[in-house]
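*Asks:*
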Amino acid sequence: MNKLTPGGNMRWESMRMILPEHREAWLTHQEENKKVQQPVLDEQHWQEFEYILSEAMEYHQLLTFIFWHDGHFYEIIGHCHFINNTQKQFHILTVDEEIHYLKFDVLINLALH
(Lines of atoms letter the chains of each structure in order from A and count residues from 1; the text may use other names and numbers.)
(Lines give C-alpha, C1' and ligand atoms only; values in the text may rest on other atoms or scores of the structure.)
Protein backbone atom coordinates (compact mmCIF):
# COMPACT_ATOMS: atom_id res chain seq x y z
CA MET A 1 0.00 0.00 0.00
CA ASN A 2 1.35 3.43 -0.99
CA LYS A 3 1.05 6.21 1.60
CA LEU A 4 2.29 8.90 -0.79
CA THR A 5 -0.03 11.73 -1.69
CA PRO A 6 -1.63 11.12 -5.10
CA GLY A 7 0.10 13.27 -7.70
CA GLY A 8 2.87 14.13 -5.24
CA ASN A 9 6.54 14.26 -6.02
CA MET A 10 8.13 11.11 -4.59
CA ARG A 11 11.52 12.75 -4.22
CA TRP A 12 10.27 15.39 -1.79
CA GLU A 13 7.37 13.48 -0.25
CA SER A 14 9.28 12.54 2.88
CA MET A 15 10.31 16.15 3.49
CA ARG A 16 7.16 17.56 5.03
CA MET A 17 9.01 20.05 7.21
CA ILE A 18 10.83 23.13 5.93
CA LEU A 19 13.21 25.32 7.86
CA PRO A 20 12.12 28.95 8.38
CA GLU A 21 15.19 30.31 6.60
CA HIS A 22 14.54 28.04 3.61
CA ARG A 23 10.92 29.15 3.48
CA GLU A 24 11.98 32.79 3.63
CA ALA A 25 14.51 32.29 0.83
CA TRP A 26 11.91 30.46 -1.26
CA LEU A 27 9.34 33.26 -0.76
CA THR A 28 11.95 35.87 -1.68
CA HIS A 29 12.78 33.92 -4.81
CA GLN A 30 9.09 33.68 -5.74
CA GLU A 31 8.67 37.44 -5.24
CA GLU A 32 11.72 38.14 -7.42
CA ASN A 33 10.21 36.00 -10.19
CA LYS A 34 7.04 38.13 -10.17
CA LYS A 35 8.95 41.32 -10.96
CA VAL A 36 8.54 42.92 -14.38
CA GLN A 37 11.11 44.97 -16.26
CA GLN A 38 10.29 48.62 -16.79
CA PRO A 39 8.65 49.19 -20.19
CA VAL A 40 10.15 51.85 -22.45
CA LEU A 41 7.69 54.36 -23.89
CA ASP A 42 8.07 55.81 -27.36
CA GLU A 43 7.54 59.41 -28.44
CA GLN A 44 3.94 58.78 -29.49
CA HIS A 45 2.98 57.82 -25.93
CA TRP A 46 4.56 60.99 -24.56
CA GLN A 47 2.63 63.12 -27.06
CA GLU A 48 -0.60 61.43 -26.02
CA PHE A 49 0.26 61.99 -22.33
CA GLU A 50 0.96 65.66 -23.06
CA TYR A 51 -2.45 66.08 -24.69
CA ILE A 52 -4.27 64.30 -21.82
CA LEU A 53 -2.37 66.34 -19.21
CA SER A 54 -3.14 69.66 -20.86
CA GLU A 55 -6.86 68.83 -21.07
CA ALA A 56 -6.99 67.59 -17.48
CA MET A 57 -5.13 70.57 -16.06
CA GLU A 58 -7.25 73.04 -18.00
CA TYR A 59 -10.59 71.53 -16.90
CA HIS A 60 -9.37 70.24 -13.49
CA GLN A 61 -10.19 66.59 -14.24
CA LEU A 62 -9.08 63.52 -12.32
CA LEU A 63 -6.29 61.45 -13.84
CA THR A 64 -5.17 57.87 -13.36
CA PHE A 65 -1.38 57.61 -13.23
CA ILE A 66 0.03 54.10 -13.65
CA PHE A 67 3.71 53.88 -12.80
CA TRP A 68 6.45 51.29 -12.36
CA HIS A 69 8.43 50.90 -9.14
CA ASP A 70 10.82 48.10 -8.24
CA GLY A 71 9.36 45.58 -10.69
CA HIS A 72 5.69 46.24 -9.95
CA PHE A 73 2.97 48.53 -11.32
CA TYR A 74 1.09 50.95 -9.08
CA GLU A 75 -1.76 53.40 -9.60
CA ILE A 76 -2.46 56.90 -8.29
CA ILE A 77 -5.73 58.72 -8.92
CA GLY A 78 -5.69 62.49 -8.56
CA HIS A 79 -5.19 65.89 -10.12
CA CYS A 80 -1.90 66.95 -11.67
CA HIS A 81 -1.25 70.01 -9.52
CA PHE A 82 2.08 71.01 -11.06
CA ILE A 83 4.63 69.76 -13.60
CA ASN A 84 8.20 70.37 -12.43
CA ASN A 85 10.39 70.30 -15.53
CA THR A 86 13.64 70.97 -13.69
CA GLN A 87 13.27 67.93 -11.41
CA LYS A 88 11.31 66.01 -14.08
CA GLN A 89 8.39 65.06 -11.89
CA PHE A 90 4.64 65.50 -11.55
CA HIS A 91 3.08 66.90 -8.39
CA ILE A 92 -0.12 64.93 -7.92
CA LEU A 93 -2.87 65.88 -5.48
CA THR A 94 -4.97 62.81 -4.70
CA VAL A 95 -8.62 62.71 -3.69
CA ASP A 96 -7.46 62.19 -0.07
CA GLU A 97 -5.58 65.53 -0.23
CA GLU A 98 -2.18 63.79 -0.24
CA ILE A 99 0.62 65.04 -2.47
CA HIS A 100 2.70 62.54 -4.42
CA TYR A 101 5.76 63.28 -6.52
CA LEU A 102 6.04 61.05 -9.57
CA LYS A 103 9.14 61.05 -11.77
CA PHE A 104 8.64 61.25 -15.54
CA ASP A 105 10.70 58.14 -16.25
CA VAL A 106 8.54 55.78 -14.14
CA LEU A 107 5.23 56.77 -15.75
CA ILE A 108 3.73 53.90 -17.75
CA ASN A 109 0.21 55.07 -18.55
CA LEU A 110 -1.95 58.12 -18.07
CA ALA A 111 -5.70 58.32 -18.57
CA LEU A 112 -8.66 60.47 -17.62
CA HIS A 113 -10.50 58.99 -14.67
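The opening position of the sequence shown corresponds to residue 926 in our numbering, with each subsequent residue numbered one higher. Even for Gly, the Cβ is constructed at its ideal location relative to N, Cα and C.
1) So what does DSSP say about residue 1018, is it helix, strand or coil?
2) Do you know how far the Cα of residue 1020 is from the Cα of residue 988?
3) Do residue 1097 and residue 981 have their CB atoms nearer than 8 Å?
4) Taking the alpha-carbon positions, what's the residue 977 to residue 986 distance?
5) Between the beta-carbon of residue 993 and the beta-carbon of residue 1024, is there less than 8 Å?
6) Return the CA-CA distance between residue 1008 and residue 1014, expressed in angstroms with no decimal places.
7) Suppose you measure from the CA of residue 960 to the CA of residue 946; what does that come to, to the nearest Å?
8) Bridge partners for residue 989 per DSSP, in chain order?
9) Going by DSSP, what residue range makes up the alpha helix (DSSP H) through residue 1027?
10) Report buried or exposed for residue 1003, applying the criterion of at least 16 other Cβ atoms within 10 angstroms of its Cβ.
*Replies:* The relevant details are as follows:
1) strand
2) So the alpha carbons of these two residues sit roughly 10 Å apart.
3) The structure shown does not extend to residue 1097, since the chain spans only 926 to 1038, so no value can be given for it.
4) 10 Å
5) No, the Cβ-Cβ distance between residue 993 and residue 1024 is not below 8 Å.
6) Cα to Cα, residue 1008 sits roughly 6 Å from residue 1014.
7) 22 Å
8) According to DSSP, residue 989 bridges with 1002 and 1036.
9) From DSSP, residue 1027 is part of no alpha helix (DSSP H) but of the beta strand (DSSP E) over 1024 to 1028.
10) So residue 1003 counts as buried.
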